[in-house]
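Q:
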Amino acid sequence: MAEARADAAAPPAGRDLILEVRELTMRFGGLLAVDQVSFAADRGRITALIGPNGAGKTTVFNCITGFYRPTAGAILLRDAAGGVAELQGRPGHRIARAGVARTFQNTRLFPGMTALENLLVAQHVPLMAATGFGIGAVLGLSRYPRAERAAIEKARAWLDATGLLDRADDPAGALPYGAQRRLEIARAMCTEPILLCLDEPAAGLNPRESEELSALLLAIRDGQAAGRGRGCSILLIEHDMGVVMRISDRVVVLDHGRKIADGTPEQVRADPKVIAAYLGEGDEGEEDAA
Ligand SMILES: Nc1ncnc2c1ncn2[C@@H]1O[C@H](COP(=O)(O)OP(=O)(O)OP(=O)(O)O)[C@@H](O)[C@H]1O
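With my numbering, the residue at position 55 of the sequence shown is 415, and numbering never jumps.
This is how it looks when you write it as structure tokens:
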């Protein structure tokens, strides 16, 4: 990873950070959606970003993943070897290449393609590279067949990990909602990210599906899913407090565009500012957390 800057080099002592968001600000005309928000995500951990509706969570996500160019602030991605990439203002495809994958509040699968094909499309970069971007194929040097076999193997491993192997040949659009959400996670994981960003992965799931999702995310964190062997840091926006409190290592709370709390699930749950922010929200998920 390149583009380290001297003032970006020093992480806070005692934490192995994968992501640092520093004084992030995002304005939409006269609306200050995110106001000097700073937080960090630890490597190999699950960090949840929570807050009432309109708090600015998705806007922070969109800045991290390159959908928005922030008005001000820095977003630093640190690889395990100590390299630092500044993400702010970079286009989404370069952020993806740096190792950040994301899912969306509303699934964005290719509905007419099969589940397996959706996972192969996610691997188009290594597959194209294996053809020598076409030139190798013309010269008969293509490593494509081997790369294609590896891509199919990886896709099938993630279909298995997400309980979708028996639906591999079904069109993604024909899958039940919960299965589509899992397929989105599988698709993101097929890009081999170092940071997986999930926007409300439990939205619309029933309690059993939420339990399964929690188990899947813990397995991804710990490198136990799909035989990956190495863990993956996760940044999660989630309204389902049952899921958040069950699986998060750290919770960051936003309200009206500002950070109001940051700590362990237990610390955040007991924080009067957080309780006040959620009062009157009527979020049934809060009851799960009690
Ligand atoms: N593209 C945009 N243009 C103008 N305003 C926007 C845009 N995106 C978000 N906003 C505004 O920014 C504020 C924060 O929105 P955001 O979607 O980030 O909140 P959120 O915490 O993700 O909310 P929710 O939990 O409801 O998804 C809201 O007032 C929203 O209306």
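Every residue, glycine too, gets a C-beta built ideally from N, C-alpha and C. These figures come from a predicted structure and were not determined experimentally.
1. Just list the residues that DSSP pairs G623 with in beta bridges.
2. Given a cut-off of 8 Å, decide if T385 and G416 are closer than it, judged by their beta-carbon atoms.
3. Would you mind working out which of I435, Q540, E626 sits nearest Q396, comparing C-alpha positions?
4. Would you kindly work out how many angstroms separate the C-alpha atoms of D600 and A563, rounded to a whole number?
5. Answer yes if the region 399 to 415 comes into contact with the region 607 to 617, meaning at least three C-beta pairs across the two stretches below 8 Å, and no otherwise.
6. Within 7 Å: the Cβ of K633 and any heavy atom of ligand 1?
7. Note down, in chain order, each residue of its chain lying with its Cβ closer than 6 Å to the Cβ of G538, except the 5 sequence neighbours on either side.
8. Taking 5 Å as the limit, tell me which residues put their C-beta closer than that to any heavy atom of ligand 1, in chain order.
9. For the structure I just gave you, are there three or more beta carbon pairs, one from the region 442 to 457 and one from the region 584 to 595, closer than 8 Å?
10. Can you tell me whether R468 is buried or exposed? The criterion is at least 16 other CB atoms within 10 Å of its CB, across all chains shown.
11. Taking the CB atoms as reference points, tell me whether R606 and S574 lie closer together than 8 Å.
12. State buried or exposed for E644, treating a residue as buried only when at least 16 other CB atoms are found within 10 Å of its CB.
13. Can you confirm whether the region 619 to 634 touches the region 419 to 430 when touching is taken to mean that 3 or more C-beta pairs between the two stretches lie within less than 8 Å?
14. Use the C-beta contact count for Q483: other C-beta atoms within 10 angstroms, 16 or more gives buried, fewer gives exposed.
15. Could you have a look at C592 and say whether DSSP puts it in helix, strand or coil?
16. Assuming A532 and A461 make a contact with CB atoms under 8 Å, what is their CB distance in whole Å?
A: Here's the rundown:
1. Position 263 of the sequence shown, counted from the first residue, corresponds to residue 623. The partner list for G623 (beta bridge, DSSP) reads V611.
2. Within the sequence shown, residue 416 is the residue found at index 56, counting from 1. Within the sequence shown, residue 385 is the residue found at index 25, counting from 1. No, these two residues do not count as a Cβ contact at 8 Å.
3. Position 36 of the sequence shown, counting from 1, holds the residue named residue 396. Ranking the options by Cα distance to Q396, first place goes to I435.
4. Counting from one through the sequence shown, the residue named residue 600 turns up at place 240. Counting from one through the sequence shown, the residue named residue 563 turns up at place 203. Spanning the two alpha carbons is a distance of roughly 7 Å.
5. yes
6. Translated into positions along the sequence shown, residue 633 becomes position 273. It does not: the Cβ of K633 is nowhere closer than 7 Å to a heavy atom of ligand 1.
7. Taking the first residue of the sequence shown as position 1, residue 538 is located at position 178. Counting only Cβ-Cβ distances below 6 Å, and skipping sequence neighbours, we find L565, E569.
8. F388, A393, N413, G414, A415, G416, K417, T418, T419
9. no
10. Within the sequence shown, the letter at position 108 stands for residue 468. Classification for R468: exposed.
11. As a position in the sequence shown, residue 606 is number 246, starting the count at 1. As a position in the sequence shown, residue 574 is number 214, starting the count at 1. Yes. Within cutoff.
12. Along the sequence shown, one-based indexing puts residue 644 at 284. With a pLDDT of only 44 at E644, under 50, the local geometry of the prediction cannot be trusted, and no value is derived from it.
13. no
14. Numbered from 1 along the sequence shown, position 123 holds the residue referred to as residue 483. Buried.
15. As a first step, residue 592 is located in the sequence shown; it is residue number 232 there, counting from the start. If DSSP states are grouped into helix, strand and coil, C592 belongs with coil.
16. Mapped onto the sequence shown, residue 532 falls at position 172. Mapped onto the sequence shown, residue 461 falls at position 101. Going by Cβ atoms, the distance from A532 to A461 rounds to 17 Å, so no, they are not a contact pair.
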